[in-house]
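Take a look at the structure set out below.
Protein chains: 2
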Amino acid sequence: MDPRINIIEKRLEKVRRLIAVSSGKGGVGKSLVASVLALTLLDKGFEVGLFDADFTSPSTHRILGVRRLEIREEKGIVPMHVHGLKYMSIVAFSGEETLPLRGADISNILIELFSTTLWGSLDYLIIDMPPGISDATLDIIRLVRRSEFLVVSTPSMLALETVEKLLRLLKELKVPVVGVLENMKMGQSFTIKDRINEMGVSFLGELPFDLKVEEALGDVDALAKTAFARKLAEIVPQIISPHV
Amino acid sequence: MDPRINIIEKRLEKVRRLIAVSSGKGGVGKSLVASVLALTLLDKGFEVGLFDADFTSPSTHRILGVRRLEIREEKGIVPMHVHGLKYMSIVAFSGEETLPLRGADISNILIELFSTTLWGSLDYLIIDMPPGISDATLDIIRLVRRSEFLVVSTPSMLALETVEKLLRLLKELKVPVVGVLENMKMGQSFTIKDRINEMGVSFLGELPFDLKVEEALGDVDALAKTAFARKLAEIVPQIISPHV
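From first to last, the protein sequence lines stand for chains A and B.
Under the working numbering, the first residue of the first sequence carries the number 145, and numbering increases by one thereafter.
Under the working numbering, the first residue of the second sequence carries the number 145, and numbering increases by one thereafter.
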């Protein structure tokens, strides 16, 4: 057993639940779901952390409107405080620069961040995962043992197929799956609900395609008022109800 | 110098132009642009190859409606023939199975495929790149020396920021950029044109958000009739005009 798993488990021992927001492919709204989920849980009175582990295209800092990413070190790394969330992102280290990281570098940074960040006591740590099945995904599954996956899809067949691959992998690795959210829903299009249920996975609901979200990026109050956020808030009880 | 670069260059010596269709983040329609671009060039009478190098979420086989992915070996790998295209995809090897490849595995498969596939004589080889700046992106830049990048964005600020990162990296590495396409355009939303031009990169045009595309996936004739494909066909002359 990798000795770092013990260190990471110790770092996360006061975190009640770890929810890894994931997707089969990019561009389905994973970071948006992760950010708004974190804000919604906070609004319900929970203590919440958000960790942006999407190293190839980190975007939660844009969604939340974080202007300065500064971290303090103090026998570990102290997460930032953003709108009441404890927040950590690779951007705090990399800045806005081009970051052509090799897979092995990403793994090292990920392990480093998980084993040094002082999350303290939290009800929920939301992890914005890299899209798809990458080295970083496999690392998090291996190192952050208590993580439960919340998977985001769109109604597109192309997104669904990659989600099915991810779900098969998670099943094989015996990783718990909270369920699947269908984002960017428009009209009565093809639904992925049946295909998700056939795999024995909870279908949590549909989130609307909402043009207002783009205008609200960076403004958490405007974001909370979007149809997208209101619908997600309705679904949250299903996400946080004890996992079956 | 990596000796495999010579082998790859020899394999590709009869390919007139190599166009790597890339994006800053996933889900912007990169694979759709790559597939429809390949079909449009074919329609104009060119000899065209399409290589799906998006190992983490290959989807061109779905877009083109390829039912059986079979390859033949004959002093190298013979690409499939799909609707007149020479076609190669990782799926020919991996099948529909979960494929949790590590970065180093992806690099090896990529090098293997580039150094063994017998593309023969082509006017254009379109490469559907992995999204963002990954190991595979860096490998292709290093190994496939004549590749020119065609970058796909959406009107979203989140997509644009990742595109700007990618463009900065390409500039730093002195990789030629054909230009940027703005996909999923709806109404008079925020335009990325000015920001792209400010970077000294050609803005090639806008492609509409088109719900018909989803229904047409897998049916190349239906695909060619979509507003998306018709608009892309109008832009193609700019893509294939001699690079400045």
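Idealized CB from N, CA, C, for every residue including glycine.
Extent of the continuous beta strand (DSSP E) run through residue i
i        : result
Arg161/B : 159-167
Phe119/A : Only positions 145 to 388 of chain A appear in the structure, and residue 119/A is not among them; the question remains open.
Glu292/A : 291-297
Met328/A : 321-329
Leu269/B : 266-272
Val226/B : 224-226
Lys230/A : 229-233
Test: residue i CB closer than 8 Å to a CB of chain A
i        : result
Val388/B : Reliability of the predicted coordinates at Val388/B is poor, the pLDDT of 46 falling under 50, and no value is obtained from them.
Met232/B : no
Gly247/B : yes
Asp279/B : yes
Ser385/B : no
Val296/B : no
Chain-ordered neighbours of residue i on chain B, where CB pairs are closer than 7 Å
i        : result
Asp196/A : By Cβ distance, chain B contributes nothing, its closest Cβ being about 12 Å from Asp196/A, past 7 Å.
Chain A contact residues for residue i, given Cβ-Cβ distances below 7 Å
i        : result
Asp272/B : Under the 7 Å cutoff, chain A gives no residues; its nearest Cβ is about 12 Å from Asp272/B.
Ser201/B : Gly168, Lys169, Gly276, Thr306
Ser300/B : Glu358
Interface residues of chain B facing residue i [CB-CB closer than 8 Å]
i        : result
Ser238/A : Simply none; closest approach about 10 Å.
Arg206/A : Met301, Leu302, Glu305
Residue i classed as buried or exposed, judged by whether at least 16 other C-beta atoms fall within 10 angstroms
i        : result
Arg289/A : exposed
His205/B : buried
Lys158/A : exposed
Ala248/B : exposed
Pro381/B : exposed
Asp365/A : exposed
Leu355/B : exposed
Glu214/A : exposed
Pro320/B : exposed
Lys318/B : exposed
Glu305/A : buried
Glu308/A : buried
Lys219/A : exposed
Glu256/B : exposed
Glu342/B : exposed
Gly171/A : buried
Ser297/B : buried
Asn327/A : buried
Nearest-angstrom Cα separation, counted from residue j out to residue i
i        : j        : result
Val388/A : Asp267/A : In this predicted model, Val388/A has a pLDDT of only 46, less than 50, meaning its place in the structure is not dependable; the value taken from the coordinates is given anyway. Cα to Cα, Val388/A sits roughly 18 Å from Asp267/A.
Asp146/A : Leu254/A : 14 Å
Phe347/B : Val322/B : 9 Å
Lys230/B : Ser175/B : 16 Å
Phe237/B : Leu287/B : 21 Å
Arg160/B : Ala303/A : 33 Å
Val165/B : Asn150/A : 42 Å
Leu183/B : Met330/A : 28 Å
Gly349/B : Lys369/B : 19 Å
Ala373/B : Leu325/B : 13 Å
Lys375/A : Gly228/B : 46 Å
Pro275/A : Phe190/B : 35 Å
Glu359/B : Met224/A : 45 Å
Ala377/B : Ile384/A : 48 Å
Check: residue i C-beta below 7 Å from any heavy atom of the ligand FMN
i        : result
Val172/B : The ligand FMN is absent from the structure shown, which contains no ligand whatsoever.
Contacts of residue i in chain B (Cβ-Cβ under 9 Å)
i        : result
Met330/A : Leu355
Val172/A : Gly170, Gly171
Terminal residues of the alpha helix (DSSP H) in which residue i lies
i        : result
Phe258/B : 247-260
Phe199/A : Phe199/A -> no alpha helix (DSSP H), and no H or E assigned at all.
Ser175/B : 174-187
Leu376/A : 371-384
Val210/A : It is not in any alpha helix (DSSP H) - Val210/A carries neither H nor E in the DSSP assignment.
Val357/B : 356-360
Asp283/A : 279-287
His338/B : Here residue 338/B is Asp; the residue named in the question, His, does not match the sequence. Run containing Asp338/B: 337-342, per the alpha helix (DSSP H) assignment.
Leu311/A : 301-316
Ile149/A : 147-155
Asp365/A : 364-368
Neighbour list for residue i in chain A, Cβ cutoff strictly below 9 Å
i        : result
Leu361/B : Ser300, Met301, Leu302
Contact with chain D by residue i, beta-carbon distance below 8 Å
i        : result
Leu325/A : No chain D is present in this structure, whose protein chains are A and B.
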